[in-house]
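With the UniProt record's numbering, letter number 84 in the sequence shown gets 84, and the count goes up by one each step, no holes.
Shown next, in structure tokens, is the structure this report addresses.
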Amino acid sequence: MKSCRQLLDLAVTDQVFVRRDNTKQPLQQPYEGPYKVLRRNERTFVLHINGRDVTVSIHRLKPAYTITEEPTTVTHQENTSVVHTGGTTDVPKTRSGRRVRFPDRFQSGFN
1 MKSCRQLLDL AVTDQVFVRR DNTKQPLQQP YEGPYKVLRR NERTFVLHIN
51 GRDVTVSIHR LKPAYTITEE PTTVTHQENT SVVHTGGTTD VPKTRSGRRV
101 RFPDRFQSGF N
């Protein structure tokens, strides 16, 4: 049984998935689509599937929640001022904020 949310979304959605009623193979998707909705009736939808208009019962449909990407403009701001702290070296720290200390045998080539 479909939830009220899915039934309400079917009334306004542009695209839907169609459930496959045949026997599924392992790892086969249970739904096909998304397909464009052309017309709605009380119990059937007319969908555009592979270049044809096909009538499908609402019991086999699931609303397709798709993300509509709007073009966004990205502005880059150049930072011309450089702040340099003199004389201090960055001490490596862990994510918890502790200072990393290596044994002396690993420090011989870096002094």
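Glycine included, C-beta positions come from ideal geometry on N, C-alpha and C.
Please classify residue i as buried or exposed, where buried requires at least 16 other C-beta atoms within 10 Å of its C-beta.
i	result
Tyr35	buried
Thr13	buried
Phe45	buried
Leu47	buried
Val18	buried
Val100	exposed
Could you tell me the boundaries of the alpha helix (DSSP H) in which residue i lies?
i	result
Leu10	4-12
Phe106	104-107
One question on the structure: do residue i and residue j come within less than 8 Å of each other, judged by their Cβ atoms?
i	j	result
Lys62	Gln6	yes
Arg43	Ile58	yes
Thr66	Gln15	yes
Ends of the beta strand (DSSP E) at residue i?
i	result
Lys62	61-63
Taking just the CA atoms, how far does residue j sit from residue i?
i	j	result
Ser96	Asp90	16 Å
Tyr31	Ala64	11 Å
Leu8	Asp53	23 Å
Cys4	Asn50	30 Å
Arg20	Thr94	52 Å
So that I know if they touch, is there some Cβ in chain D lying closer than 8 Å to that of residue i?
i	result
Arg98	Any reference to chain D falls outside this structure, which holds one protein chain only.
By DSSP's criteria, residue i is part of a beta bridge. Which residues make up the other side?
i	result
Ile49	Arg52
Val16	Tyr35, Pro63
Lys93	Arg99
residue 124	With the chain covering only 1 through 111, there is no way to say anything about residue 124.
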